[in-house]
Structure formats: structure tokens, C-alpha cells
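In what follows, a single structure is set out as C-alpha cells and then discussed.
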Amino acid sequence: MTVTLSKGQKVDLTKKNPNLNNVIVGIGWDVNQNSRGYSFDLDASAFLLNSFNKVNNEDDFIFYNNPNGGQGTIIHSGDNKTGVGSGDDEQIKINLGLVPSNIEKIAFTITINDAKERNQNFGQISNSYIRIIDADTSEVILRYDLGRDFSIETAIVVAELYRYNNEWKFNAVGSGFQGGLAALCNMFGIEVEEEQSNNSYPSAPVYSQNPIVHTRYDQNQGYNPQTLDNNQQIYNSQLSNGNQQSEITCPYCHSTQVTAGKKGFGVGKAIVGGLLLGPVGLLGGLIGSKNIEFLCINCNKRWSASNNINSAQWLREQSNNAKNIVNRYLDNDFVEALVAGSALVAMADGVIEYSERERLINYFKTSQEMKHIDTNMVLSKFDCYTQKLQRDFMMGKAELLRIIAKMRTKLDAARFVVRLCCTIGLADGEFSNIEKQVIGEICKELNLNTSEFVY
């Protein structure tokens, strides 16, 4: 029986199927019929990653010009330039039992070739999916349909296989990126030459000789959430002056049970109103944006900030709250605490999700209050912290908690840190119990009540 997964779900693969050895990873997609102009050429590929989420060498980037990897245990079927027809558009065959031990994770991706030049994106693609097939029996073991949650993205990390307790697990990732192939290569430790960073695959990619990030922290430099389950509620905390933040209400039925998302990305990205994430912002850096679309859970009506005065005013209030706190406390200690807390939550379950990493970077890139912060420094610091946790989790956690504790006497800043940590926990669509436990440890270090943020 085929298991159907949703975004963010993880499932044991070999533990539940002990005889599973040879698998086929099938990836498919359709181009929307109303898409005009150039023909589409999508490419599936796989990045073979070490424990630091980086490739080790040039053999670990599997695509049509480098179809074999992992000492012959991972084989790409070749390029399908049209994607026409039913069934899988491209396939990758894997012998799970013989994958070299230095490969901890296999990330499966889809990119659009020459997307920038052709003005193409995943908003013009539908019915994208990935499935795992037992190559020996032809049984479809699991399937993940990506849905229609993409618009301007030109690259997607579809899913990943990763080792856990000597078994293989599957994670339905579904994270979209702008920047096409180059964005994925940069994330996985591959340097793409400038003239080739246009979303097309290089015939001979240039790989970083030192993909693991170790950076010197310059003291003169400073440095969005997913579906919130109904059972995963986050409290609207009070500001230090004791005033409760204003709630957003539905203009039709006046309910405060409202969700929100950015136009083109769908709704349901975060609960607002009484369950707002606080001044860290609605959808992180999207706070204050007129491209926010609201949905009332009670009456199912939709509206946007651009056509509702009260909603627009509410967004401005939340944006101002965030800016005031950042302007008041912004220094290296504050930013390091934000990144340290995010790293702790991201590593809570032992696996760094792309969505968690990207949530942090997108927040610093897009939020007005953080626009002067060097996002490269944020990324380097985040990678440095997560590597410490991977090498020795207890020692690394103790060090990061000491960094966070510097905010203990700054109440608003401390709450800001916790709220950002909550958004990181929610980034993969599942605020797990172990992530909540880490939030509790951070709150304890900051002398805050955990129930103010989660329960």
C-alpha cells in the first residue's frame, strides 16, 4: 500500500521495509497549459551530502552530465527535455545498502533550465511529485505531491533520504528557492562560475575545495513560518509595557481566528490574531507587506491589506513593534542570540531542514528591521553553530545557551529571540515536541515563562 505524505512529514523507509534495498526515485511534473512562450526544460538532480549538508567532491552532484555517483550506487536516468507524457519524467536509481558511509543524506531537487532568460518559474508548473519505488517488486512505497504552493521559485528541494540509527528515512521537504541551480549549488557547497549562474547546469561544475564553512567573526560586522497545526498554538505575548498587542479581526464576521500568507504562496502560513507570533513579525520579513492575504477560519472569507484599512494599520503596528525592538537592542550580542537560538531549534531533532535554514536567512534578507545586517555573516554563523552541535551536541548547546543568556536582562529582546526560534521550529510545518522542549530550555535561560509562547 502506497503511503501518501504531506509537506514536512518524515517516514521510516528501510525500518518499515526491511527487505528494501534497490529503489527508484521517480520525479514528475506538468507544465500548465496556459503557459506561453519558450518551451520548459526541467531537470531533476540529487546532491549527495555529508553530515554538514555539503557535498564532498564533484562526484556528489548527480545530474544528466554526471549521472553516476556514490561509487556507482546512485544512477540518474538522463535528461528529459520536454516532460511530456504520463509517468515519471526523470528517475534516479539507488542501491541503499551500498551507498558509501560518508554520504549521510541525498537531497532530490528540480530546477528550471534557463528560467531567468525565459521568464519561467514554478508558478507555471503543476502536478509535481516524487515517489519511491521498490525496484525489485515495482511496488510504489510512498508518494509526495508538492501541490501548488509555488510561484516565483525557480528551484525546489523536493525531498531527501537521510540516515537515522543505521536506517534510511524519507523527508518530504518541498522548499522552493529563487536563483535556480546556482542557489542550490551555493547552499550545498558548490561554487558555480558567474557566467553559469543563470539556472542552467554547467557541463563541468566548479566545486569548492572546502565546502564546510569555518569563518572568522568580525566584531565590527553585524550580522519566513509554515502551516501551523491546530494543535500547535503559539501565544500572543505581552510587550514589556504590559499592553496586549492589538489583534487582527475578520472584517466580515469579526472573528480573530485568522490565518495569513503572502499572495501567490497560498494562505495558512501562520496563525495571527490571538495566536500571532508577536513582534518578530507576521511571516517574518513579510510583516508590513501589502502582499499579505488573510483568510478567516470562521467564515472562510479572504481579504488583503491593500484593500482593508484595519488590516493595513495592524500590519504597520506589528512592523513598528519589531523595528522599535531591533533599533533599541541591535548589536552583535542580540544578533548572535537570534542565530544561536535558531540553530538550537533547527538541530533539535538532529536534522537540519532546508526550510529552517532558509527561514532564518529570508527573515534577515527581507525584513525592514534587519535590512542593515550582513546576511552572509548570519549564514556563516548559523553554519558554524550547527556544526558545533553536530560535533558535540551537549557542549555545543551549553555554548549557545550562554550566548542566548546575554539577553536575560533585556526583556523585549529576550522575547524577540524566543519568537524567532518559534518560527524556525514551525518552518518545516511541524512544531515537534523536541523543538518545544528546546524552546523551553531557551526560555529557562532567559527567565521567561515557556507557556507565554507555546503549550
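Just so you know, we're using full-length UniProt numbering here: the sequence shown kicks off at 1 and counts up by one.
From the three backbone atoms N, C-alpha and C, an ideal C-beta is built for every residue, glycine too.
Predicted model only: the values in this text are computed from it and were never measured.
Next item on the list: Count the CB pairs spanning the segment 409 to 424 and the segment 367 to 379 that are closer than 8 Å, and state whether there are at least three.
Entry: no
Next item on the list: May I have the straight-line CA-CA distance separating Gln-124 from Leu-42, to the nearest angstrom?
Entry: 12 Å
Note to self: How far does the alpha helix (DSSP H) with residue 464 in it extend, from its first residue to its last?
What the structure shows: The structure shown does not extend to residue 464, since the chain is modelled only from 1 to 455, so the question has no answer here.
Checklist line | Whole-number beta carbon distance between Ala-405 and Leu-446, since they are thought to touch under 8 Å | finding: 7 Å
Item checked: Run of the alpha helix (DSSP H) containing Ser-380, from where it starts to where it stops -> 375 to 391
Check: Mind checking whether Ala-182 and Ile-110 have CB atoms under 8 Å apart?
Finding: no
Notebook entry, point to check: What are the boundary residues of the alpha helix (DSSP H) that includes Gly-425?
Noted result: 411 to 425
Item checked: Meets three-Cβ-pair contact criterion under 8 Å: the segment 329 to 347 and the segment 156 to 166 -> no
Next item on the list: Can you tell me which of the three DSSP states Tyr-363 falls into?
Entry: helix
Notebook entry, point to check: When you compare each of Ser-101, Gly-189, Asn-119, Ser-138 to Arg-163 by their alpha carbons, which one comes out closest?
Noted result: Ser-101
Notebook entry, point to check: Sorted by chain position, which residues of the same chain lie with C-beta nearer than 8 Å to Ile-92's C-beta, five sequence neighbours on each side aside?
Noted result: Ile-24, Val-25, Ile-27, Ala-44, Ala-46, Ile-62, Ile-74, Ile-75, His-76, Ser-77, Phe-108
Note to self: Measuring only the C-alpha atoms, how far is Lys-10 from Asn-56?
What the structure shows: 25 Å
Item checked: Assigned secondary structure, Glu-441 (DSSP; H/G/I helix, E/B strand, else coil) -> helix
Check: What's the C-alpha gap between Gly-174 and Gly-147?
Finding: 9 Å
Notebook entry, point to check: Using the C-alpha atoms, what's the distance from Glu-191 back to Gly-180?
Noted result: 14 Å
Next item on the list: May I ask which residues mark the beginning and end of the alpha helix (DSSP H) holding Lys-116?
Entry: 115 to 118
Checklist line | Alpha-carbon to alpha-carbon, Asp-89 and Asn-17 | finding: 26 Å
Next item on the list: Using the Cα positions of Gly-440 and Gln-33, report the straight-line distance between them to the nearest angstrom.
Entry: 49 Å
Margin query: Considering just the uninterrupted stretch of the beta strand (DSSP E) at Ala-405, what are its terminal residues?
Written below: Counting along the chain, Ala-405 falls outside any beta strand (DSSP E), and DSSP gives it neither H nor E.
Item checked: Through-space distance from Tyr-144 to Asn-362, alpha-carbon basis -> 25 Å
Note to self: Among Tyr-64, Asn-95, Val-140, Ile-103, whose alpha-carbon lies nearest the alpha-carbon of Asn-22?
What the structure shows: Asn-95
Check: Looking only at DSSP bridge pairs, what is Gly-28 linked to?
Finding: Tyr-129
Check: When burial is assigned at 16 or more other CB atoms within 10 Å of the CB, is Arg-391 buried or exposed?
Finding: exposed
Notebook entry, point to check: When we look at the beta-carbon of Tyr-385 and count the other beta-carbons within 10 Å, is it buried (16 or more) or exposed?
Noted result: buried
Margin query: Taking the beta strand (DSSP E) that Leu-184 belongs to, which residues open and close that run?
Written below: Premise fails: Leu-184 lies in the alpha helix (DSSP H), 180 to 187, not in any beta strand (DSSP E).
Checklist line | Residues near Lys-15 in its chain [Cβ-Cβ closer than 6 Å; skip 5 each side] | finding: Glu-167
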